[in-house]
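Asker: Below: one structure in structure tokens.
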Amino acid sequence: MYIGLFLTIITGLFFLIGIISLINNKNKEKTSLFTISLAFIVMLGLLMLDLLPELIETKNIMLVIPFFIGFVILIVLDKLIPHHHHEHKEDGCDKVDHDLHLNHISTITILALAIHNLIEGLTLYSITLNSVKSGVLMMFSISLHNIPLGFQIGNSLKNKKYSKLLIFLLCISSFIGALIIIVFGALNETIISILLALTFGMLLYILIFELFSEIKSTFRKRETIYGIILGVIILIITFMI
Numbered sequence: 469m470y471i472g473l474f475l476t477i478i479t480g481l482f483f484l485i486g487i488i489s490l491i492n493n494k495n496k497e498k499t500s501l502f503t504i505s506l507a508f509i510v511m512l513g514l515l516m517l518d519l520l521p522e523l524i525e526t527k528n529i530m531l532v533i534p535f536f537i538g539f540v541i542l543i544v545l546d547k548l549i550p551h552h553h554h555e556h557k558e559d560g561c562d563k564v565d566h567d568l569h570l571n572h573i574s575t576i577t578i579l580a581l582a583i584h585n586l587i588e589g590l591t592l593y594s595i596t597l598n599s600v601k602s603g604v605l606m607m608f609s610i611s612l613h614n615i616p617l618g619f620q621i622g623n624s625l626k627n628k629k630y631s632k633l634l635i636f637l638l639c640i641s642s643f644i645g646a647l648i649i650i651v652f653g654a655l656n657e658t659i660i661s662i663l664l665a666l667t668f669g670m671l672l673y674i675l676i677f678e679l680f681s682e683i684k685s686t687f688r689k690r691e692t693i694y695g696i697i698l699g700v701i702i703l704i705i706t707f708m709i
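Count the sequence shown with my numbering and you get residues 469 to 709, in order.
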């Protein structure tokens with residue numbers, strides 16, 4: 469039991485590694501291009517190579533409903549959370565808008581990833597109970613995803629009290645998933661599938677309307693290219709484990 473809890477804590481700490489390493493970064497413009505393109509590829513792989521196959525395997529067409537609910541939830545959050553659209557220019561005013569927009573992206577990304585990592589915590593803890601070796605391998609796989617996503621979050625968030633609370637929530641979300649198993653027992657597969665579909669809808673919104681909208685005009689820039697290349701390398705390593 470304790471090993472499973474320990475592994476879920478480690479996955480959250482890998483988020484923290486990425487966040488802390490970039491939270492006081494001074495070259496935000498170039499770093500943001502790199503980290504957002506990196507996060508875009510990693511999240512794309514997470515959706516297409518991890519979540520989507522699991523949803524297809526259920527063969528439950530009704531999961532389209534929680535998928536759309538998740539998508540709509542992010543649309544609502546997108547309107548409620550302070551939001552700043554901008555064009556990439558060089559003047560100081562644009563830099564302020566740019567930083568605020570990145571902060572907005574990180575906020576809704578944290579909320580969606582917290583739900584996703586709660587589900588992963590459920591799975592990781594359950595697998596570890598049956599096989600510690602399998603649990604350790606899954607922990608490394610999750611952590612490799614979490615570091616670049618932490619990069620993007622750390623590069624974007626402003627130093628506000630609610631930001632620290634959101635980061636704490638994200639880092640313990642897997643641990644909370646493990647605690648749910650301990651307190652209530654294994655969740656029904658249908659409930660887990662609904663949560664997966666909900667998360668898929670939320671992350672897909674972030675991928676298309678937030679991350680992609682940030683990098684679509686910078687595809688030819690060196691930092692964007694490097695981020696995409698590293699993201700592909702991380703995906704290859706992750707799915708070889």
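Quick reminder that beta carbons are idealized off the backbone N, C-alpha and C, glycines included.
(1) When we look at the beta-carbon of M708 and count the other beta-carbons within 10 Å, is it buried (16 or more) or exposed?
(2) Please determine, among V544, L698, I702, E588, the residue with the shortest C-alpha to C-alpha distance to A654.
(3) Specify, as a first and last residue, the run of the alpha helix (DSSP H) that T692 falls within.
(4) Answer with buried or exposed for M530, where buried requires no fewer than 16 other C-beta atoms within 10 angstroms of its C-beta.
(5) Compare the C-alpha of G699 against each of I578, P616, I648 and name the closest.
(6) Less than 8 Å separating the beta-carbons of F483 and C639?
(7) Compare the C-alpha of E497 against each of T706, I705, K689, I701 and name the closest.
(8) Select from M511, L545, S599 the residue whose C-alpha is nearest the C-alpha of L579.
(9) Could you tell me the boundaries of the alpha helix (DSSP H) in which G669 lies?
(10) Among the residues of its own chain, which have a CB less than 7 Å from the CB of I487, if the five just before and after it don't count?
(11) By the three-class DSSP mapping on this structure, what secondary structure does K557 have?
(12) Which residues bound the alpha helix (DSSP H) around L523?
(13) Near E691, which residues of its chain fall below 7 Å by C-beta distance, leaving aside the five closest residues on each side in sequence?
(14) Excluding the 5 residues flanking S641 on each side, which residues of the same chain have their C-beta closer than 6 Å to its C-beta?
(15) Do L679 and A507 have their CB atoms nearer than 8 Å?
(16) On the three-state DSSP scale, how would you describe S641?
(17) Give me, in chain order, the residues of the same chain whose beta-carbon lies closer than 8 Å to that of I662; leave out the 5 immediate sequence neighbours on both sides.
(18) Taking the alpha-carbon of K632 as reference, which of N528, N495, T575, G472 has the nearest alpha-carbon?
(19) Under the assumption that Y593 contacts G669 (Cβ atoms under 8 Å), give the Cβ distance between them as a whole number of angstroms.
(20) Which term fits V600, buried or exposed, when burial requires 16 or more other beta carbons within 10 angstroms of its beta carbon?
(21) Given a cut-off of 8 Å on the beta-carbon distance, is the pair H613 and L520 in contact?
(22) By a C-beta neighbour count over all protein chains shown, 10 Å radius and 16 as the cutoff for buried, is E525 buried or exposed?
(23) Just the C-alpha distance for L542 and M511, rounded to the nearest angstrom, thanks.
(24) Using the three-state DSSP reduction, which class does K684 fall into: helix, strand or coil?
Answerer: Well, looking at it:
(1) Taking the sequence shown and counting its residues from 1, one reaches residue 708 at position 240. With a 10 Å radius around the Cβ and a threshold of 16 neighbouring Cβ atoms, M708 comes out exposed.
(2) Locating residue 654 in the sequence shown gives position 186, where the first residue counts as 1. Considering only alpha carbons, the answer is E588.
(3) In the sequence shown, the residue the question calls residue 692 occupies position 224. Residues 690-708.
(4) The residue you call residue 530 lines up with position 62 of the sequence shown. Flag for M530 reads exposed.
(5) On the sequence shown, position 231 is the one that residue 699 refers to. Closest by alpha carbon: P616.
(6) The count along the sequence shown starts at 1 and reaches residue 483 at position 15. The count along the sequence shown starts at 1 and reaches residue 639 at position 171. Yes, the Cβ-Cβ distance between F483 and C639 is below 8 Å.
(7) Residue mapping note: residue 497 aligns to position 29 of the sequence shown, counting from 1. For E497, the closest C-alpha among the options T706, I705, K689, I701 is that of K689.
(8) By 1-based counting over the sequence shown, the position of residue 579 is 111. Cα-wise, what sits closest to L579 is L545.
(9) Start at 1 with the first residue of the sequence shown, and residue 669 comes out as number 201. Its alpha helix (DSSP H) spans residues 657-673.
(10) As a first step, residue 487 must be located in the sequence shown, where it is residue number 19. Cβ within range, chain order: G618, I621, G622, I635.
(11) Locating residue 557 in the sequence shown gives position 89, where the first residue counts as 1. With a pLDDT of 48 at K557, under the threshold of 50, the modelled position of this residue cannot be trusted; read the value that follows with caution. Coil at K557, not helix or strand.
(12) Position 55 of the sequence shown holds residue 523. That run of the alpha helix (DSSP H) goes 520-526.
(13) Here residue 691 refers to the residue found at position 223 of the sequence shown. Cβ within range, chain order: K498, L501, F502.
(14) One-based indexing of the sequence shown puts residue 641 at position 173. Within the same chain, S641 has close Cβ partners A582, N585, L586.
(15) Start at 1 with the first residue of the sequence shown, and residue 679 comes out as number 211. Start at 1 with the first residue of the sequence shown, and residue 507 comes out as number 39. Going by C-beta atoms, L679 is nearer than 8 Å to A507.
(16) Residue mapping note: residue 641 aligns to position 173 of the sequence shown, counting from 1. Here S641 sits in helix by DSSP.
(17) Working through the sequence shown from its first residue, we reach residue 662 at position 194. The beta carbon of I662 lies closer than 8 Å to those of L531, P534 in the same chain, with the five residues before and after it left out.
(18) On the sequence shown, residue 632 is found 164 positions in, with the first residue counted as 1. K632 has its Cα closest to that of T575, out of N528, N495, T575, G472.
(19) In the sequence shown, counting from the first residue as 1, residue 593 sits at position 125. In the sequence shown, counting from the first residue as 1, residue 669 sits at position 201. About 25 Å; that fails the 8 Å criterion.
(20) For the purposes of this step, residue 600 is identified with residue 132 of the sequence shown, where counting begins at 1. By the 10 Å Cβ count, V600 comes out exposed.
(21) Indexing the sequence shown from 1 puts residue 613 at position 145. Indexing the sequence shown from 1 puts residue 520 at position 52. The answer is no: Cβ separation not under 8 Å.
(22) Indexing the sequence shown from 1 puts residue 525 at position 57. Result: exposed.
(23) As a position in the sequence shown, residue 542 is number 74, starting the count at 1. As a position in the sequence shown, residue 511 is number 43, starting the count at 1. When rounded, the distance between both Cα atoms is 16 Å.
(24) In the sequence shown, counting from the first residue as 1, residue 684 sits at position 216. Three-state result, K684: coil.
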